[in-house]
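>
If you want it as structure tokens, here you go:
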């Protein structure tokens, strides 16, 4: 049976002996869940929150876990709750079939905000939800799910900008091709019509590609990374967009840069906005390794 786990590392990258005596902290599943794996993490008010899909007798649901960030790792007030978000994915009366891989952040008021997708059989959709750990989904935030004007939507990452708006990174399927996409939601959880086209920015000319991670620099520009299969090999893709969802012509070619022989799965920015990528590097004749 798979369950959530939490690790705390020191500055030099080893397990912190002050956290749970230097061992990974195993988090028990909700009683109704048999297998679960985290896909999103956020920290708020001295606690760490993990969210991910969980298998139950009624199908796949989302499980939210919380534990204190104390130096001992003692699980005081441990919370494991299943979240049924079917109402937010209703499409023609159909219920949610699969919860997707949710990601977490917090809003400017300290509330948990989650972006996720769901496969409804007739295509997948994305939604931004605000979560109250004690009460479930906050129905005063956001609205129904959105198809991002595509056949299918993949949600991969979530970030909040200085204004309190949210950027969701992922991909869309259009005419059978996977394309990278960014969406901007305002602080109320609604798509921002002033971003890209109707709240969605889809880089032109980038087929067979998707975003896996997004960051926001000091100027409010969006830097997203992922992978591209525009050639016979997989390449790491990095793009930079304005806060309004327009490609930055000063970055690479039409706002995009490709790096061969690997994929980029995570992105970070240093204090001077230098870009740091994490992913998989593939060398000729070798098995993939972390880069």
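Residue numbers (our numbering): 11 to 301.
From the three backbone atoms N, C-alpha and C, an ideal C-beta is built for every residue, glycine too.
1. Taking the C-alpha atoms as reference points, what is the distance between residue 175 and residue 278?
2. List the residues that DSSP assigns as beta-bridge partners of residue 11.
3. Alpha carbon to alpha carbon, how far is residue 172 from residue 184?
4. Give me the Cα-Cα distance between residue 140 and residue 179, rounded to the nearest whole angstrom.
5. Which ranges does the alpha helix (DSSP H) cover as unbroken runs of at least 4 residues, wholly within the region 193-236, from first to last along the chain?
6. Measuring CA to CA, which of 189, 262, 200 and 288 is closest to residue 223?
7. Can you give me the Cβ contacts of residue 100 inside the same chain, cut-off strictly under 6 Å, excluding the 5 residues immediately before and after it?
8. For a quick check, are the C-beta atoms of residue 219 and residue 236 less than 8 Å apart?
9. Nearest to residue 155 by CA position, among 231, 135 and 206, is which residue?
10. If you count every other CB in all the chains shown that lies within 10 Å of the CB of residue 280, and 16 or more means buried, which is it?
11. Taking the beta carbon of residue 166 as the centre, do at least 16 other beta carbons fall within 10 Å, making it buried, or is it exposed?
12. Could you check the C-alpha separation between residue 111 and residue 195 for me, to the nearest Å?
13. Rounded to a whole number of angstroms, what is the C-alpha to C-alpha distance between residue 54 and residue 241?
14. The beta strand (DSSP E) that contains residue 171, what's its start and end?
Inspection of the coordinates gives the following:
1. 19 Å
2. The partner list for residue 11 (beta bridge, DSSP) is empty, contrary to what the question assumes.
3. 31 Å
4. 17 Å
5. none
6. 288
7. Because residue 100 carries a pLDDT of 44, less than 50, the predicted location of this residue cannot be relied on, and the following value inherits that uncertainty. Nothing listed; no residue qualifies.
8. yes
9. 135
10. exposed
11. buried
12. 19 Å
13. 42 Å
14. Premise fails: residue 171 is in no beta strand (DSSP E) and is neither H nor E.
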